[in-house]
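Per the numbering used here, the very first residue in the sequence shown carries number 2; after that it's consecutive. Built from N, CA and C at the ideal position, the CB exists for glycine as well. Since we're looking at a predicted model, the values are computed, not measured.
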Amino acid sequence: MTVDVPPLIDSEMWKLAQMQRVQNDTNKYVGNKKYQYLLKSLLKCGHCGRTYDATTTKGAKDKETGEIGKSRRYRCPNTVPKKYGPEIEKCIAPSFNAEQIEDYIWGQVI
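This is the structure we're talking about:
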């Protein structure tokens, strides 16, 4: 059994929406971030094997300037798993300061 239902939007609007979706996917990871991470998607967790995430954390407020410090870090996404339950094992791998590890890697490359 089929039921005929009138379209909610016309075909031209549908085409425009599909083009916008493609453009959004193309730009998702480019120019959309405040900080660059040179090793993004290249570091693997030695404990669970997941690919490290790149993240920025807020630090303490500077007493002299009043500015809140920020720290770029690489961390295993399994340290804060999105799935929960007794079968999900939380990873114990440490996070790394992005500037320090990037400087170290560049020192090895050059």
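Straight-line Cα distance separating residue j from residue i
i	j	result
Leu40	Ile102	9 Å
Thr132	Ile111	Since the first residue shown for the chain is 2 and the last is 111, residue 132 is missing from the structure and cannot be characterised.
Gln24	Trp15	14 Å
Lys35	Tyr105	22 Å
Met20	Lys62	44 Å
Ser72	Gly60	7 Å
Val6	Ala18	20 Å
Tyr38	Ser12	41 Å
Gly50	Lys64	40 Å
Lys48	Glu100	Per the sequence shown, residue 48 should be read as His rather than Lys. One C-alpha to the other measures close to 22 Å.
Pro82	Arg22	28 Å
Local conformation of residue i per DSSP, three classes
i	result
Asp104	helix
Asp54	strand
Tyr16	The question names Tyr, but residue 16 in the sequence shown is Lys. It is helical.
Ala99	helix
Buried versus exposed call for residue i [16 or more other C-beta atoms within 10 Å across all chains shown]
i	result
Arg74	buried
Asn33	Its pLDDT being 49, under 50, Asn33 is placed unreliably in this model, and the value from its coordinates should be taken loosely. With fewer than 16 Cβ atoms within 10 Å of its Cβ, Asn33 is classed as exposed.
Leu9	exposed
Which listed residue (the options) has its alpha carbon closest to that of residue i
i	options	result
Lys45	Trp107, Glu68 and Asn79	Asn79
Ser42	Glu68, Trp107 and Arg76	Arg76
Legend entry - contact_flag[the segment 91-106, the segment 47-65] where n(CB pairs < 8 Å) is 3 or more: yes
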